[in-house]
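Asker:
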Amino acid sequence: MARSSASSSERPASSRASLTRVYLDYGGFAPVDPRVVAVMRPFFEGGVGNPSAPHSLGVEARASLDGARAKVARLFGGSPGGVIFTASATEANNLAIKGIALRAAGRHVVTSAIDHISTLNACRDLEKHGYAVTYVGVDGDGRVDPAVVARALRPDTALVSVMAASDEIGTVQPMREIGRLAHARGVPFHVDAVGAAGRVPFSVDECRIDLLTLSSNDLYGPPGAGALWVRPDVPLAPIILGGGQEQGYRSGTENLPAIAGMGVAADLARVEGGAEVARLSELRDRLLAGVLDAVADTRITGARGPARLPHHASVVVRGVKADSVLMELDLRGVAASSGSACNALTGEPSHVLRAIGCDRTEYEGSLCFTLGRWTTAAEVDAVLEVLPPIVTRLRRLAP
Amino acid sequence: MSVAPDRKLDCLGLFCPMPILKMREAMKHLAAGAVLEMTSDDPASEADVKSWTARTGHELVDIEKNGPIFRFLVRKTG
Numbered sequence: 005m006a007r008s009s010a011s012s013s014e015r016p017a018s019s020r021a022s023l024t025r026v027y028l029d030y031g032g033f034a035p036v037d038p039r040v041v042a043v044m045r046p047f048f049e050g051g052v053g054n055p056s057a058p059h060s061l062g063v064e065a066r067a068s069l070d071g072a073r074a075k076v077a078r079l080f081g082g083s084p085g086g087v088i089f090t091a092s093a094t095e096a097n098n099l100a101i102k103g104i105a106l107r108a109a110g111r112h113v114v115t116s117a118i119d120h121i122s123t124l125n126a127c128r129d130l131e132k133h134g135y136a137v138t139y140v141g142v143d144g145d146g147r148v149d150p151a152v153v154a155r156a157l158r159p160d161t162a163l164v165s166v167m168a169a170s171d172e173i174g175t176v177q178p179m180r181e182i183g184r185l186a187h188a189r190g191v192p193f194h195v196d197a198v199g200a201a202g203r204v205p206f207s208v209d210e211c212r213i214d215l216l217t218l219s220s221n222d223l224y225g226p227p228g229a230g231a232l233w234v235r236p237d238v239p240l241a242p243i244i245l246g247g248g249q250e251q252g253y254r255s256g257t258e259n260l261p262a263i264a265g266m267g268v269a270a271d272l273a274r275v276e277g278g279a280e281v282a283r284l285s286e287l288r289d290r291l292l293a294g295v296l297d298a299v300a301d302t303r304i305t306g307a308r309g310p311a312r313l314p315h316h317a318s319v320v321v322r323g324v325k326a327d328s329v330l331m332e333l334d335l336r337g338v339a340a341s342s343g344s345a346c347n348a349l350t351g352e353p354s355h356v357l358r359a360i361g362c363d364r365t366e367y368e369g370s371l372c373f374t375l376g377r378w379t380t381a382a383e384v385d386a387v388l389e390v391l392p393p394i395v396t397r398l399r400r401l402a403p
Numbered sequence: 089m090s091v092a093p094d095r096k097l098d099c100l101g102l103f104c105p106m107p108i109l110k111m112r113e114a115m116k117h118l119a120a121g122a123v124l125e126m127t128s129d130d131p132a133s134e135a136d137v138k139s140w141t142a143r144t145g146h147e148l149v150d151i152e153k154n155g156p157i158f159r160f161l162v163r164k165t166g
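Chain order of the listed sequences is A and B. Numbers given in the working numbering equal positions in the first sequence, counted from 1, plus 4. Numbers given in the working numbering equal positions in the second sequence, counted from 1, plus 88.
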């Protein structure tokens with residue numbers, strides 16, 4: 005089989021797995037594109053060295069690593085030399101926040117109340133070490149008001165860190181406005197672009213972004229790779245120390261198979277992203293409209309239209325528990341999520357839903373459907389067929 | 089402090105959601121009326137414990153703060 009000619013219409017095996025007929029949890033884990041797998045395979049099958057080694061296999065490995073760096077940087081218009089590969093976006097967020105704070109004179113950081121838990125916990129770790137953190141609030145759609153960020157800036161602000169788009173409610177933030185005002189005050193601007201990369205067109209120069217976090221898997225690349233891009237001359241301290249790989253900013257032998265895969269995934273996202281955005285936006289709106297139409301007492305969380313991630317549909321359904329709905333959906337072959345993994349663990353209302361003002365009757369019923377490269381209209385229709393009777397039944401059972 | 093804990097739970101160094109998760113587990117093994125002491129240095133834990141006790145109905149007997157370290161006393165109800 006000519007794997008190199010695999011097309012995007014070839015579905016990855018993972019989306020055909022088990023009883024799951026309808027996979028709408030791309031935000032939780034995206035199937036790896038078969039074209040990415042094809043590029044990764046030789047790295048496992050031998051003939052590849054350590055990128056730091058002086059022999060010819062090492063030199064080839066180094067070339068693969070630099071090729072991936074260039075491909076990743078092209079996705080957002082950054083300089084390839086600024087790409088630091090990490091093992092995850094979580095690590096990249098930690099490196100950005102702690103790495104900037106450790107080098108800066110100021111000891112104040114601004115982030116949003118709805119940022120990813122990796123950003124929030126890195127900020128809380130700074131608080132433990134005497135830094136001050138301002139968590140700016142959001143409006144009912146989950147949008148950060150740039151004017152509120154401007155007011156939060158202090159003479160000792162070392163960093164502004166705001167995610168490009170919420171993984172939980174899909175709202176895209178005004179990166180350009182926030183970036184420009186941070187730049188005008190001389191404060192580095194970090195953006196966690198995990199959900200937005202390849203789905204929302206932007207460049208780091210246009211938005212005055214100084215640090216950018218990416219995840220490989222969100223681009224249909226393998227898990228186990230992420231990246232932090234840093235603008236040249238922005239002072240950063242490493243948080244993982246060792247042999248000085250990744251220009252000294254992230255020691256540890258590079259995970260070359262995953263990094264090469266991430267490079268190809270970034271290239272595919274850049275080339276195919278535009279068409280995919282149009283297709284997914286349509287499916288997203290079909291799903292949202294269908295759910296609102298068929299399930300009473302339900303509302304969309306997050307923004308609508310272009311201010312929303314094209315693949316992201318989230319709702320709160322009153323009078324049901326998300327866990328029960330998800331279990332029933334799973335029995336009917338539909339995989340979805342409640343939007344937040346750690347809150348699924350604790351059963352506590354998510355920090356994002358609290359920040360947008362959801363009340364107690366709503367946040368237990370938070371459902372999140374994330375679409376992707378292999379999602380079809382038939383899958384969306386299947387959800388619209390099985391979800392309404394599930395909610396009706398569970399509401400009847402509820403005390 | 090007058091209330092003596094029946095069990096102590098050390099969550100120092102951990103971040104959300106771990107303190108709540110560990111507290112929930114620890115509570116399962118306590119009898120109604122017993123008191124759990126949890127220590128945490130996560131700045132988010134004060135709001136988290138307040139929210140969790142309000143939602144679950146367990147009684148938040150006391151919060152003590154010593155520098156960066158919180159000490160929570162929670163009595164199991166029901």
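Quick reminder that beta carbons are idealized off the backbone N, C-alpha and C, glycines included.
Determine the closest residue to A:A197 out of A:H120, A:L69, A:A186, with distance taken between C-alpha atoms.
Answerer: In the first sequence, the residue the question calls residue 197 of chain A occupies position 193. With distances taken between Cα atoms, A:A197 lies closest to A:H120.
Asker: Can you pull the chain A neighbours of B:I108, defined as C-beta to C-beta under 8 Å?
Answerer: Locating residue 108 of chain B in the second sequence gives position 20, counting from the first residue. In chain order: T350, E352.
Asker: If you measure from the beta carbon of B:D98 to each beta carbon in chain A, is any gap under 7 Å?
Answerer: The sequence position of residue 98 of chain B within the second sequence is 10, counting from 1. Not one chain A Cβ lies under 7 Å of B:D98.
Asker: Taking the CB atoms as reference points, tell me whether B:I148 and B:E125 lie closer together than 7 Å.
Answerer: Taking the second sequence and counting its residues from 1, one reaches residue 148 of chain B at position 60. Taking the second sequence and counting its residues from 1, one reaches residue 125 of chain B at position 37. Per the sequence shown, residue 148 of chain B should be read as Leu rather than Ile. For B:L148 and B:E125, no; Cβs fall outside 7 Å.
Asker: Name the chain B residues that come within less than 9 Å of A:N125, Cβ to Cβ?
Answerer: Here residue 125 of chain A refers to the residue found at position 121 of the first sequence. In chain order: F103, C104, D130, A132.
Asker: Taking the straight line between their C-alpha atoms, what separation do you get for A:S83 and A:S255?
Answerer: To locate residue 83 of chain A, count along the first sequence from 1; it is residue 79. To locate residue 255 of chain A, count along the first sequence from 1; it is residue 251. Computed Cα separation, rounded: 21 Å.
Asker: From B:A122, B:A114, B:D150, B:A92, pick the residue whose C-alpha is nearest to that of B:E134; which is it?
Answerer: Stepping through the second sequence from its first residue, residue 134 of chain B is reached at position 46. With distances taken between Cα atoms, B:E134 lies closest to B:D150.
Asker: Counting only beta-carbon separations shorter than 7 Å, does B:P93 have a partner in chain C?
Answerer: Included in the structure are the protein chains A and B, with no chain C among them.
Asker: Could you tell me whether the Cβ of A:E131 comes closer than 7 Å to any Cβ of chain B?
Answerer: The residue given as residue 131 of chain A occupies position 127 in the first sequence. At least one chain B Cβ lies under 7 Å of A:E131.
Asker: Which class does A:L292 belong to by DSSP, given the choice of helix, strand or coil?
Answerer: On the first sequence, position 288 is the one that residue 292 of chain A refers to. The answer is helix: DSSP assigns A:L292 an H, G or I state.
Asker: Give the residues of chain A in contact with B:R112, contact being defined as C-beta atoms less than 9 Å apart.
Answerer: Locating residue 112 of chain B in the second sequence gives position 24, counting from the first residue. Per Cβ cutoff of 9 Å: T350, G351.
Asker: For chain B, find out if any of its Cβ atoms is closer than 7 Å to the Cβ of A:R128; answer yes or no.
Answerer: Numbered from its first residue, the first sequence carries residue 128 of chain A at position 124. It does: the Cβ of A:R128 has a partner Cβ on chain B nearer than 7 Å.
Asker: Excluding five sequence neighbours on each side, which residues of the same chain lie with their C-beta closer than 8 Å to the C-beta of A:E181?
Answerer: To locate residue 181 of chain A, count along the first sequence from 1; it is residue 177. For A:E181, where only same-chain residues beyond five positions count, the Cβ hits under 8 Å are P150.
Asker: At the level of alpha carbons, what is the spacing between A:T302 and A:G369?
Answerer: The count along the first sequence starts at 1 and reaches residue 302 of chain A at position 298. The count along the first sequence starts at 1 and reaches residue 369 of chain A at position 365. Their Cα atoms are separated by approximately 9 Å.
Asker: Once DSSP output is grouped into helix, strand and coil, what is the label at A:D29?
Answerer: Reading the first sequence from its first residue, position 25 is the one you call residue 29 of chain A. Here A:D29 sits in strand by DSSP.
Asker: For the region 280 to 360 of chain A, which segments carrying the alpha helix (DSSP H) assignment without a break, of at least 4 residues, lie completely within its bounds, in sequence order?
Answerer: DSSP runs (the alpha helix (DSSP H)) wholly in the region 280 to 360 of chain A: 326 to 335, 345 to 350, 355 to 359.
Asker: Of all the options A:V395, A:G361, A:W378, A:R399, which has the alpha carbon lying nearest to the alpha carbon of A:V26?
Answerer: Reading the first sequence from its first residue, position 22 is the one you call residue 26 of chain A. If we check each option's Cα against that of A:V26, A:W378 comes out closest.
Asker: Just the Cα atoms here: how many angstroms apart are A:A6 and A:A42?
Answerer: Position 2 of the first sequence holds residue 6 of chain A. Position 38 of the first sequence holds residue 42 of chain A. Low per-residue confidence applies at A:A6: pLDDT is 37, beneath 50, and the placement is therefore not dependable enough to give any value.
Asker: Let me know the secondary structure DSSP gives B:T165 once reduced to three states.
Answerer: Numbered from its first residue, the second sequence carries residue 165 of chain B at position 77. DSSP places B:T165 in coil when its eight states are reduced to three.
Asker: Compute the Euclidean distance between the alpha carbons of A:G53 and A:A96, then round it to the nearest angstrom.
Answerer: On the first sequence, residue 53 of chain A is found 49 positions in, with the first residue counted as 1. On the first sequence, residue 96 of chain A is found 92 positions in, with the first residue counted as 1. Rounded to whole angstroms, A:G53 to A:A96 spans 25 Å at the Cα level.
Asker: Let me know the secondary structure DSSP gives B:N154 once reduced to three states.
Answerer: As a working note, residue 154 of chain B is residue 66 in the second sequence. Note: B:N154 maps to strand in three-state DSSP.
Asker: Just tell me which of A:A154, A:S344, A:L292 has its CA closest to the CA of A:Y367.
Answerer: Working through the first sequence from its first residue, we reach residue 367 of chain A at position 363. The option with the nearest alpha carbon to A:Y367 is A:S344.
Asker: Tell me whether B:I157 is buried or exposed, calling it buried when 16 or more other Cβ atoms sit within 10 Å of its Cβ.
Answerer: Counting from 1 along the second sequence, the entry for residue 157 of chain B is found at position 69. With fewer than 16 Cβ atoms within 10 Å of its Cβ, B:I157 is classed as exposed.
Asker: Flag this pair as yes or no: are the beta carbons of A:F47 and A:L260 separated by less than 7 Å?
Answerer: Here residue 47 of chain A is taken as the residue at index 43 of the first sequence, counted from 1. Here residue 260 of chain A is taken as the residue at index 256 of the first sequence, counted from 1. Contact: yes.
Asker: The beta strand (DSSP E) with A:I101 in it runs from where to where?
Answerer: For the purposes of this step, residue 101 of chain A is identified with residue 97 of the first sequence, where counting begins at 1. Segment 93 to 107 is the alpha helix (DSSP H) holding A:I101; no beta strand (DSSP E) there.
Asker: Among the candidates A:R39, A:P236, A:A188, A:T138, whose CA atom is the shortest distance from the CA of A:V166?
Answerer: If you number the first sequence from 1, residue 166 of chain A lands on position 162. Checking every option, the nearest Cα to that of A:V166 belongs to A:T138.
Asker: Would you give the residue range spanned by the alpha helix (DSSP H) that B:A132 belongs to?
Answerer: Working through the second sequence from its first residue, we reach residue 132 of chain B at position 44. B:A132 -> no alpha helix (DSSP H), and no H or E assigned at all.
Asker: In whole angstroms, what separates the C-alpha of A:V164 from that of A:H133?
Answerer: Within the first sequence, residue 164 of chain A is the residue found at index 160, counting from 1. Within the first sequence, residue 133 of chain A is the residue found at index 129, counting from 1. Cα to Cα, A:V164 sits roughly 18 Å from A:H133.
Asker: Using only CA atoms, which one of A:D327, A:V281, A:R336, A:D297 lies nearest to A:R312?
Answerer: For the purposes of this step, residue 312 of chain A is identified with residue 308 of the first sequence, where counting begins at 1. Minimum Cα distance to A:R312 is reached at A:V281.
Asker: Can you find a C-beta in chain B that's less than 7 Å from the C-beta of A:S19?
Answerer: Residue mapping note: residue 19 of chain A aligns to position 15 of the first sequence, counting from 1. At A:S19, the pLDDT of 49 sits below 50, so the modelled position is not reliable; the number obtained from the coordinates is stated separately. For A:S19, the answer is no, since every Cβ of chain B falls outside 7 Å of its Cβ.
Asker: Let's see if you can read the secondary structure: which residues bound the beta strand (DSSP E) around A:S116?
Answerer: For the purposes of this step, residue 116 of chain A is taken as the residue at position 112 of the first sequence. Counting along the chain, the beta strand (DSSP E) containing A:S116 begins and ends at 112 to 116.
Asker: Keeping to the same chain, check which residues put their C-beta closer than 6 Å to that of A:V319; ignore five residues upstream and five downstream.
Answerer: In the first sequence, counting from the first residue as 1, residue 319 of chain A sits at position 315. For A:V319, where only same-chain residues beyond five positions count, the Cβ hits under 6 Å are V295, T302, I304, L371.
Asker: Determine the direct distance from the alpha carbon of A:P178 to that of A:G247, and round the result to whole angstroms.
Answerer: What you label residue 247 of chain A is simply residue 243 of the first sequence in a count that begins at 1. What you label residue 178 of chain A is simply residue 174 of the first sequence in a count that begins at 1. Computed Cα separation, rounded: 39 Å.
Asker: Applying the criterion that 16 or more other CB atoms from any shown protein chain within 10 Å of the CB defines a buried residue, is A:G86 buried or exposed?
Answerer: The count along the first sequence starts at 1 and reaches residue 86 of chain A at position 82. Per the 10 Å Cβ criterion, buried.
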